[in-house]
Amino acid sequence: MDINSSPDYILQVKDLKMHFPIKSGIVSHTVGYVKAVDGVTFNLQRGMTMGLVGESGCGKTTTGRAILRLYDSITSGSVLFNGQDVYALSKKDLRAMRPKMQIIFQDPFSSLSPRMPVGEIIGEAVREHNIVSKEEYNDYIDTIMDNCGLQPFHKDRYPHEFSGGQRQRICIARALALNPEFIVCDEPVSALDVSIQAQIINLLNDLQEKYKLTYLFISHDLSVVEHISDAVGVMYLGNLVEYGPKEKIFSNPLHPYTKALFSAIPVPDPTVKMNRIVLEGSIPSPANPPKGCKFHTRCANCMECCKEIEPVQKEIEPGHFVTCHLYDEQ
Amino acid sequence: MDENKNINTPETEEQKYSLNDDRRVKVLSPGALVMKRFWRNRLAVVGMSVLIFMFLFSFAGGIISPYGQNQFFYKDVEISREFAAVTENDEFRYRASDSTDKFGSAVQAQAMLAIQTKKGDFTYRDTAYTVSEEGENFYSIYSGGELVGIAYKDIVSSSVEGQKLSFDFIYSALKAYTSDTSKGDSSFSSEGAEYIISDLGYISDTSGNEVAYISRYVVQAIMGDVFLSRDFKEKLIETIMAGGTEFSYTDESLIITEDEEPVPEEEDEANILATDDVSEAEAPVSATAEYTIRPNQNHKGWSIRQQQSSRQYDTYSSPNKAHWLGTDRYGMDMLTRLMYGGRVSLLIGFIVVIIETLLGVIMGGISGYFGGWVDNLIMRLVDIFYCIPSMPIIIILGAAMDAQRVDPSVRMVYLMLILGILGWAGIARLVRGQILSLREQEFMTATEASGLSVKSRIFKHLIPNVIPQLIVNCTMSLGGVIITEATLSFLGLGVKFPFASWGNIINDVNNTHVLTTYWFIWIPAGTLLLLTVLAFNLVGDGLRDAFDPRMNR
């Protein structure tokens with residue numbers, strides 16, 4: 001597998017593992033780990049949007065945050081942003097790099113400081129990082145707000161005066177104001193109603209074109225991912241089970257989990273017969289994942305080797321990776 | 331939008347129904363919202379008005395008040411008392427000669443009889459006595475040619491106190507005095523010395539020193555501790571002889587210099603618990619007094635009343651025009667004391683709370699933000715501070731400061747520091763809890779993702795979100811601090827004279843007599859204290875409700 005630092009790739013994630021200790025007892029010793037992310041490897045090309053899908057608790061958000069080094073440390077693996085290892089940076093260098101990679105949160109209500117006017121929320125970091133000069137500052141904030149569909153007079157208002165969609169626009173404006181190259185969109189639309197979702201998605205698309213942005217779009221809404229993404233990654237229990245260009249993933253899902261997941265996309269045509277693959281059981285605990293392939297407890301194509309040996313990521317067709325024993329070369 | 335414009339160019343349909351933000355009602359900032367909600371709370375507004383009144387009363391009142399914080403007031407009291415009695419001696423007194431024992435009381439009675447019957451001689455127990463009139467109301471009694479005694483009405487007293495006059499001296503003096511009918515000096519000799527008697531009865535030796543005087547009048551002081559000087563007696567007798575009824579006399583020994591103004595002594599420790607401390611500080615008795623002379627009913631004497639005007643501390647005076655709330659036990663204006671007391675009480679409250687809050691925010695902030703072992707250390711420190719029994723400590727420190735005779739103003743600073751240092755733990759815990767919960771909020775993650783500095787993360791994101799709770803907590807604890815200060819001052823361990831505080835004003839009431847008689851000493855101070863603490867609590871409650879966005883009142 002090729003993971004050379006290529007200028008094509010803005011982000012290279014290699015075998016990222018993020019385990020959270022479970023503490024217990026009086027002396028709070030570690031009794032185990034929640035393996036929220038347990039080996040994620042992918043590369044993301046500049047200007048692309050990668051959709052990251054999976055059910056709740058599979059580690060999508062943890063992956064997104066680990067990439068931005070919002071955790072103090074990761075268990076193992078590496079994250080290369082523009083060829084630089086994010087976790088090898090000093091605090092000072094990291095701060096300098098922060099504006100280049102931004103995040104938009106799922107909950108637009110808790111992600112805005114309630115006691116700060118909107119203009120200040122958007123502009124605070126701009127001033128700290130000296131993105132623009134003092135003279136240009138006001139115009140710059142106005143432009144950013146205008147680009148995100150906000151009026152200049154919103155500047156003096158407080159977050160509680162805005163609706164969910166407007167708050168999400170503020171979050172986008174805050175991320176965008178730092179002139180980033182890469183934005184992690186952590187389920188930015190799942191808290192919004194459908195009409196607003198469309199507005200926000202379109203806004204994100206417009207901004208991507210305008211500012212040449214790269215997105216990591218985390219969502220569990222497959223239709224949104226299909227709309228916005230260039231590449232799609234499917235996660236199951238901390239593992240990236242399948243990863244490839246959107247067209248290939250949607251037209252030719254390889255992993256049994258992907259197949260089951262995609263069979264659940266509702267088709268807006270009552271005549272089409274749905275071939276739903278119903279998964280048995282529920283998702284195992286990430287604190288105590290099954291041995292071998294993590295999906296084998298629910299997999300319809302489970303083989304003997306799946307229960308013992310952990311599968312490795314293989315490139316089945318150019319750019320299309322899958323982690324499954326079904327595609328082992330015999 | 332301008333109204334005229336609306337009439338001329340009606341709004342388009344789109345404009346009319348647009349939900350554009352600029353057409354919405356002006357929405358308020360969180361601070362303005364809190365204010366709005368606060369003003370809707372009637373009790374809180376009442377509390378706020380009470381507080382404003384208290385501040386004006388304490389801080390402006392002290393300036394307006396014509397009196398000083400520790401200005402004493404005096405009153406002039408006319409003391410009228412029985413001072414002395416004068417009797418004219420109209421009975422014979424007897425004196426036996428130094429060398430004889432033949433002049434016992436029975437002989438005296440016989441002599442008296444003989445004098446009254448104007449018999450020249452009498453016999454008693456086979457002894458013959460001869461009575462001869464030597465002058466006016468002066469008789470000498472002889473027995474066998476020997477002078478055994480004298481009977482007289484004019485009394486000879488020595489000018490030197492305690493000195494006994496010899497028989498011979500008295501005899502010679504009386505003889506010269508009574509036999510001399512012409513007004514003027516006469517002279518006599520006794521025991522080899524020459525003496526001169528003035529017309530008023532003063533006896534002086536040849537060198538002019540007065541040794542004795544003769545007078546029909548006896549002047550006695552009614553009060554045992556008063557010594558009547560000769561000057562006084564002289565003046566008194568003169569007035570009586572002239573038929574006057576009034577005179578004034580200045581006792582030079584009582585005049586003291588003006589600058590020796592006594593200040594009530596600072597109470598020492600023993601007085602804190604002693605309730606029998608009712609000694610009223612008295613201003614000096616003025617030296618000049620008026621005396622009135624009134625004849626007794628039997629017309630045989632006069633009684634002298636002293637009318638002395640004395641300046642006393644105007645203690646416990648009831649409310650009147652000059653002192654609207656009366657005066658306290660030192661004679662200071664109660665209302666002014668209350669104003670200055672309020673100043674001290676409020677100031678101590680505020681400074682203590684500021685110290686508490688500063689310490690609490692810094693410690694709690696560090697603890698909550700950095701977590702880990704720092705958090706552990708600070709929280710254990712907080713636990714220790716919670717375990718400290720603050721009252722005993724403050725009382726011990728107060729007693730220690732008494733022993734060290736710490737200056738009252740320095741003492742006040744110490745008091746604030748001690749209260750502040752003992753009180754930060756609660757606030758630290760509150761701030762830490764708030765910061766811990768805030769740290770998990772997504773907007774804090776967002777500040778991390780934006781690469782903001784630690785400083786701006788703490789001061790622009792964390793602290794503003796803690797401030798509401800902090801304000802509520804501070805307002806509430808202000809009342810508590812004021813109460814603590816009042817308690818300490820009441821016990822005599824807090825604010826000390828000359829500074830007033832509501833607590834040490836109430837401290838004046840340390841016995842039932844004052845409690846029942848002088849309501850104006852403790853009711854106003856107690857009421858102010860109650861109102862202030864109540865108002866702080868009401869405002870605190872109001873603020874808490876106002877800061878809570880779920881309260882829709």
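Protein sequences appear in the order of chains A and B. This note's numbering applies: residue 1 is where the first sequence begins, and numbers increase by one. This note's numbering applies: residue 331 is where the second sequence begins, and numbers increase by one. For glycine and all other residues, C-beta sits at the position ideal for the given N, C-alpha and C.
Checking the sheet assignment: what are the DSSP bridge partners for residue i?
i: Glu463/B; result: Tyr469/B
i: Glu418/B; result: Tyr547/B
i: Trp632/B; result: Val416/B, Pro625/B
i: Leu23/A; result: With the sequence shown as reference, residue 23/A is identified as Lys, and Leu is not the correct amino acid for it. The partner list for Lys23/A (beta bridge, DSSP) reads Thr30/A.
i: Ile480/B; result: Arg425/B, Ser470/B
i: Ala177/A; result: Ala177/A pairs with nothing; no bridge assigned.
i: His320/A; result: Glu317/A
i: Ala458/B; result: Thr453/B
i: Lys14/A; result: Ser78/A
i: Met620/B; result: The sequence given here has Glu at residue 620/B, not Met. Its beta-bridge partners are Ser578/B, Gln637/B.
i: Thr214/A; result: Phe182/A
What residues from chain A crowd round residue i, counting only those whose CB sits closer than 7 Å?
i: Ser887/B; result: Since the first residue shown for chain B is 331 and the last is 883, residue 887/B is missing from the structure and cannot be characterised.
Please name the residue in the options whose C-alpha comes closest to that of residue i.
i: Phe81/A; options: Arg95/A, Lys100/A, Gln106/A, Leu70/A; result: Lys100/A
i: Lys259/A; options: Pro245/A, Gly292/A, Val278/A, Lys134/A; result: Val278/A
i: Asp156/A; options: Tyr33/A, Glu120/A, Ile201/A, Leu176/A; result: Glu120/A
i: Arg276/A; options: Val194/A, Pro266/A, Asn138/A, Ile283/A; result: Pro266/A
i: Tyr643/B; options: Phe403/B, Asp875/B, Ile382/B; result: Phe403/B
i: Glu772/B; options: Pro318/A, Asp107/A, Ala36/A; result: Asp107/A
i: Ile567/B; options: Ser633/B, Phe422/B, Ser516/B, Gln438/B; result: Ser633/B
i: Gly753/B; options: Asp737/B, Pro719/B, Arg769/B, Arg741/B; result: Pro719/B
i: Ile103/A; options: Ala652/B, Ile684/B, Thr775/B, Tyr848/B; result: Thr775/B
i: Tyr9/A; options: Leu207/A, Asp38/A, Gln313/A, Val79/A; result: Val79/A
i: Lys826/B; options: Trp654/B, Tyr744/B, Ile393/B, Thr580/B; result: Tyr744/B
i: Phe182/A; options: Leu192/A, Tyr215/A, Ile196/A; result: Tyr215/A
i: Gly695/B; options: Ser473/B, Gln401/B, Arg762/B; result: Arg762/B
i: Pro152/A; options: Asn205/A, Ser251/A, Gly165/A, Ala173/A; result: Ala173/A
i: Leu240/A; options: Ser90/A, Thr323/A, Ser263/A, Arg115/A; result: Thr323/A
i: Ile757/B; options: Asp737/B, Val740/B, Phe715/B; result: Phe715/B
i: Gly531/B; options: Lys505/B, Phe497/B, Ser537/B; result: Lys505/B
i: Tyr459/B; options: Asn867/B, Val437/B, Leu860/B; result: Val437/B
i: Asp820/B; options: Phe700/B, Val375/B, Trp832/B; result: First, the amino acid is wrong: residue 820/B is Phe here, not Asp. Checked all of Phe700/B, Val375/B, Trp832/B; the closest Cα to Phe820/B is Trp832/B.
If I follow the unbroken alpha helix (DSSP H) through residue i, where does it start and stop?
i: Val846/B; result: The sequence given here has Thr at residue 846/B, not Val. From DSSP, the alpha helix (DSSP H) with Thr846/B extends over 842-847.
i: Phe499/B; result: 497-509
i: Val743/B; result: 738-769
Does the beta-carbon of residue i have 16 or more other beta-carbons within 10 angstroms, so that it is buried, or is it exposed?
i: Thr618/B; result: exposed
i: Val608/B; result: Low local confidence applies: a pLDDT of 37 at Val608/B is under 50, so the model's placement there is unreliable, and no value is given.
i: Asp186/A; result: buried
i: Leu11/A; result: buried
i: Trp369/B; result: exposed
i: Ala755/B; result: buried
i: Met384/B; result: buried
i: Arg167/A; result: buried
i: Asp875/B; result: buried
i: Leu386/B; result: exposed
i: Asp598/B; result: Only weak support is given to the placement of Asp598/B: the predicted model assigns it a pLDDT of 41, under 50, and the question is left unresolved by the model.
i: Tyr211/A; result: exposed
What in chain A is Cβ-close to residue i, meaning under 9 Å?
i: Gln771/B; result: Ser110, Ser111, Ser113
i: Asn795/B; result: Ser113, Pro114, Arg115
Since residue i is in the beta strand (DSSP E), which residue starts that stretch and which ends it?
i: Asn43/A; result: 29-45
i: Ser519/B; result: 516-520
i: Arg423/B; result: 423-426
i: Gly77/A; result: 76-81
i: Ile685/B; result: Counting along the chain, Ile685/B falls outside any beta strand (DSSP E), though it belongs to the alpha helix (DSSP H) covering 664-700.
i: Phe403/B; result: Counting along the chain, Phe403/B falls outside any beta strand (DSSP E), and DSSP gives it neither H nor E.
i: Ile104/A; result: 101-104
Does the ligand HEM have even one heavy atom less than 8 Å from the beta-carbon of residue i?
i: Ile853/B; result: The model depicted lacks the ligand HEM and carries no ligand whatsoever.
Show which residues of chain B have a CB atom less than 7 Å away from the CB atom of residue i.
i: Asp107/A; result: Glu772
i: Tyr158/A; result: Ser359, Pro360
i: Leu89/A; result: The premise fails here: Leu89/A is roughly 11 Å from chain B at the closest Cβ pair, so nothing lies under 7 Å.
Whose Cβ in chain B lies nearer than 9 Å to the Cβ of residue i?
i: Pro99/A; result: Ser780, Gly781
Which residues in chain C have a C-beta closer than 8 Å to the C-beta of residue i? List them in chain order.
i: Leu68/A; result: Annotation note: the requested chain C is absent from the structure, which comprises protein chains A and B.
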